[in-house]
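Participant: Below is one structure. I have some questions about it.
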Amino acid sequence: MLMIRLQRIGKRKQPTYRLIVNEKGRDTQAKSLEILGHYSPTENPKVIQFDAERIKYWISKGAQASGTVNNLLIKLGIIEGKKMKSVTITNKRRAKMGAKKAEAEAKMKEVEQAAAQAKAAAEEAAKAAAQAEAEKPVEEVKVEEAPAEEKKEV
Numbered sequence: 004m005l006m007i008r009l010q011r012i013g014k015r016k017q018p019t020y021r022l023i024v025n026e027k028g029r030d031t032q033a034k035s036l037e038i039l040g041h042y043s044p045t046e047n048p049k050v051i052q053f054d055a056e057r058i059k060y061w062i063s064k065g066a067q068a069s070g071t072v073n074n075l076l077i078k079l080g081i082i083e084g085k086k087m088k089s090v091t092i093t094n095k096r097r098a099k100m101g102a103k104k105a106e107a108e109a110k111m112k113e114v115e116q117a118a119a120q121a122k123a124a125a126e127e128a129a130k131a132a133a134q135a136e137a138e139k140p141v142e143e144v145k146v147e148e149a150p151a152e153e154k155k156e157v
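Going by our numbering, the first residue of the sequence shown is number 4, and it counts up by one from there.
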C-alpha cells in the first residue's frame, strides 16, 4: 500500500520535512517514489509547499495520507474530510486518566453537597431568627411622668 508521509531532513533542532510517496513498509529515509513538497514548521511564517495536483493524483491511485499529513492537507484545503488523531493513547494511560477524572468528579460532588448543606443551614437559621423575632413580645416603653403641678388658691 502506498503512503503519503513526511520525511525528516534538516539540522538538529531545526527540522524540515519532505512530503513523499512511499510503500507503507519501507523506511522513510529510503528512496521514495516521488517528492510532493516541503514543510518547514520552525520558520516564521511556516513554509508549506505542496504540489496539490500530484497529491490528488496519488490519492486517486489509492495512496493514503498519514495522520499528520492528512491534517495538513485538510488545513490547506487540498482534500476535504475530518481531521485524524495522529497520536494514540495506550490503554494503561487511558485507564489512569479515567481514574483521575472520576476522582475529580467525586470531589466536585462532595463540594457541591457541602455547599448545598451550608446554604440550607443558613436559610434555616434565618427562618428561625425571623420566627423568634415575630414571637418576641413587644415591651412597653416606660416613660417617666413629670409630677403634676398643683394649683394654689389665692
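We put the CB at the ideal spot given by N, CA and C, even for glycine.
Rounded to the nearest angstrom, how far is the Cβ of residue 72 from that of residue 7, given a contact under 8 Å?
Facilitator: About 5 Å; that satisfies the 8 Å criterion.
Participant: Quick check on residue 146: does DSSP put it in helix, strand or coil?
Facilitator: Coil at residue 146, not helix or strand.
Participant: Have a look at residue 125 and residue 149 and give me their C-alpha separation to the nearest angstrom.
Facilitator: If you take the alpha carbons of residue 125 and residue 149, they lie about 48 Å apart.
Participant: Measure the CB-CB distance between residue 9 and residue 42 and report whether it falls below 8 Å.
Facilitator: Contact: yes.
Participant: Indicate whether residue 40 and residue 32 have their beta-carbon atoms separated by less than 8 Å.
Facilitator: Not a contact, by the Cβ cut-off of 8 Å.
Participant: Relative to the alpha-carbon of residue 30, which residue among 5, 119, 44, 153 has its alpha-carbon at the smallest distance?
Facilitator: Out of 5, 119, 44, 153, 5 has the C-alpha closest to the C-alpha of residue 30.
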